[in-house]
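Numbering of the sequence shown is given in full-length UniProt numbering, commencing with residue 1 and proceeding in unit increments. Here a beta-carbon is modelled for each residue, glycine too, at the ideal position from N, C-alpha and C. Step one of this worksheet: look at the structure below.
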Amino acid sequence: MSTMLVTGGAGFIGANFVRLTIERGAADHVVVLDKLTYAGRRDNLAGLDASAVEFVEGDVCDAGLVSSLVARADTVVHFAAESHNDNSLRDPSPFIHTNILGTYTLLEAVRAHDRYLHHISTDEVFGDLGPGDPRFTETTAYAPSSPYSASKASSDHLVRAWVRSFGVRATISNCSNNYGPYQHIEKFIPRQITNILDRRTPKLYGTGEQIRDWIHVDDHNDAVLAILSRGRSGETYNIGSDGEATNRTVIELICDLMGAEGYEHVADRPGHDQRYAMDASKLRTELGWSPRYTGDLRAGLADTIAWYRDNEAWWRPIKDAVEAGYAKRGQ
1 MSTMLVTGGA GFIGANFVRL TIERGAADHV VVLDKLTYAG RRDNLAGLDA SAVEFVEGDV
61 CDAGLVSSLV ARADTVVHFA AESHNDNSLR DPSPFIHTNI LGTYTLLEAV RAHDRYLHHI
121 STDEVFGDLG PGDPRFTETT AYAPSSPYSA SKASSDHLVR AWVRSFGVRA TISNCSNNYG
181 PYQHIEKFIP RQITNILDRR TPKLYGTGEQ IRDWIHVDDH NDAVLAILSR GRSGETYNIG
241 SDGEATNRTV IELICDLMGA EGYEHVADRP GHDQRYAMDA SKLRTELGWS PRYTGDLRAG
301 LADTIAWYRD NEAWWRPIKD AVEAGYAKRG Q
């Protein structure tokens with residue numbers, strides 16, 4: 001039987017990855033390690049067969065625990081990270097702890113036990129682009145602009161250093177902005193969807209002209225499985241879906257799909273990057289991968305709206321507290 005360790009597997013992208021892994025039969029047994037911070041929730045894994053998915057609550061910086069779990073696994077997929085940009089601007093320390101020290105701890109464990117590691121990263125390590133700039137490639141120079149993106153850039157460099165210095169078997173993927181089921185409602189898309197469902201006015205940060213390459217979480221995780229199956233150790237793969245759209249376009253699509261009348265402009269995030277766009281041609285050419293929602297943001301959003309509408313019990317208990325926090329910041 002094959003065993004996969006998934007760090008951060010109770011978070012948004014990680015939980016969806018665990019579900020897809022079980023659905024596809026990509027592993028016989030999945031061990032989820034998650035600290036259950038604000039984005040990690042046990043109920044993100046609800047309904048999965050307990051004999052196939054084992055949950056361990058713990059910190060990826062706990063060297064003893066991590067080593068014991070890595071020893072049991074054939075493959076390690078590292079999602080665990082603090083990932084909310086706004087939170088990193090208010091308090092960078094958890095980002096340094098989890099994203100840098102946690103990755104170091106995991107690398108030392110996979111080195112000691114000679115296990116394969118796939119490290120999940122972000123497009124934000126590259127900084128931002130101007131409107132006419134070419135998309136990020138795997139060789140684009142890093143230029144992070146927030147504590148979050150700087151900590152993720154650091155973790156990427158650690159993985160590459162351990163591959164070169166110690167012969168660790170590892171791959172890295174840098175992905176564009178995800179959306180879909182189980183995403184915390186502090187994030188842009190689920191916040192607007194739940195605002196409308198809650199009869200609140202949707203909120204657009206600043207002018208809304210920032211551009212993101214939006215990808216449905218299932219497409220991201222399908223790409224990760226392709227890398228695990230066919231990727232080459234030591235390589236980095238960009239993941240993107242050719243889904244570039246401004247935040248204004250996204251909120252207007254949500255309003256249109258949900259029959260909402262208009263939105264409110266609120267204060268922008270400090271240091272808000274202008275544009276992210278991923279060139280995923282290496283992934284497509286070398287591994288034969290393609291996304292389900294290629295350039296079809298409307299269909300992906302409709303799928304996501306339906307999930308939040310059908311799962312009100314998942315987001316309703318935290319909605320008031322999230323909106324109160326944004327209200328204090330004028331957002």
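request  = On a CA-only basis, which of Gly206, Thr37, Gly130 and Val217 is nearest Phe95? Give me that one, please.
outcome  = It is Thr37.
query = Who are the Cβ neighbours of Asp74 in its own chain at under 6 angstroms, not counting the five residues just before and after it?
reply = Within its own chain, the residues whose Cβ lies closer than 6 angstroms to the Cβ of Asp74, once the five positions on either side in sequence are excluded, are Ser2 and Thr3, listed in chain order.
message = I'd like the ranges of any alpha helix (DSSP H) spanning at least 4 consecutive residues and lying wholly in the stretch 63-144.
response = 63-72, 85-90 and 102-113, all fully within the stretch 63-144.
query = Taking the Cβ atom as the reference point for each residue, do Pro92 and Arg275 lie within a distance shorter than 8 angstroms?
reply = The beta carbons of Pro92 and Arg275 sit no closer together than 8 angstroms.
inquiry  = Can you tell me where the beta strand (DSSP E) holding Asn173 begins and where it ends?
reply    = It is worth fixing the name first, because residue 173 is Ser in this sequence and not Asn. From DSSP, the beta strand (DSSP E) with Ser173 extends over Ala170 to Cys175.
task = Would you decide whether Asp256 is buried or exposed? Buried here means 16 or more other CB atoms lie within 10 Å of its CB.
result = Asp256 comes out exposed.
request  = Could you check which residue in Gly102, Ala302 and Gly259 has the C-alpha nearest to that of Pro202?
outcome  = Measuring from the Cα of Pro202, the nearest candidate turns out to be Gly259.
request  = Within its chain, find whatever has a CB closer than 7 angstroms to the CB of Ile251; leave out the 5 residues flanking it on each side and keep chain order.
outcome  = Gln192, Pro202, Leu204, Gly208 and Tyr263.
key: Where Asp303 sits in the DSSP three-state scheme   = In the structure shown, Asp303 sits in a helix (DSSP, three-state: H, G or I).
task = Decide yes or no for the touch test of the stretch 47-67 against the stretch 4-22: beta carbon pairs closer than 8 angstroms, at least 3 of them.
result = Contact annotation: the stretch 47-67 touches the stretch 4-22, with at least three C-beta pairs closer than 8 angstroms.
task = Take Asp43 as the anchor and find which of Asn311, Asp133, Ser151 and Thr103 has the nearest alpha-carbon.
result = Closest by alpha carbon: Asn311.
message = Can you tell me whether Asp279 is helix, strand or coil according to DSSP?
response = In the structure shown, Asp279 adopts coil according to DSSP, grouped into three states.
message = In this structure, how does DSSP classify Asp34 when only helix, strand and coil are distinguished?
response = Reduced to three states, the DSSP call for Asp34 is strand.
ask   = Does the count of Cβ pairs from the stretch 179-186 and the stretch 12-27 closer than 8 angstroms reach three?
value = Verdict: yes, contact present.
query = Three or more beta-carbon pairs under 8 angstroms between the stretch 165-182 and the stretch 107-120, yes or no?
reply = Look at the beta carbons and you see the stretch 165-182 touching the stretch 107-120: at least three pairs across the two are nearer than 8 angstroms.
key: N- and C-terminal bounds of the alpha helix (DSSP H) containing Asn221   = Looking at the DSSP string, the run of the alpha helix (DSSP H) that includes Asn221 is Val217 to Arg230.
For Lys152, three-class secondary structure by DSSP = Collapsing the DSSP output to three states places Lys152 in a helix.
ask   = Can you round the beta-carbon distance between Pro147 and Leu89 to whole angstroms, since I take them to be within the 8 angstroms contact cut?
value = About 7 angstroms separates the two Cβ atoms, so the contact holds.
Residue(s) in a DSSP beta bridge with Asn178 = The partner list for Asn178 (beta bridge, DSSP) reads Ile215.
query = Quick one: what's got a C-beta closer than 6 angstroms to Trp315's C-beta in the same chain, skipping five residues either side?
reply = Apart from sequence neighbours up to five positions away, the residues of its chain that approach Trp315 with a beta-carbon distance below 6 angstroms are Ile185 and Thr194, ordered along the chain.
query = For Ile305, which option in Ser290, Ile189 and Gly243 has the closest C-alpha, if you only look at C-alpha atoms?
reply = Selected option, being the one with the closest Cα: Ile189.
inquiry  = Please identify the residue among Gly127, Asp320 and Ile100 whose C-alpha is closest to the C-alpha of Asp62.
reply    = Minimum Cα distance to Asp62 is reached at Ile100.
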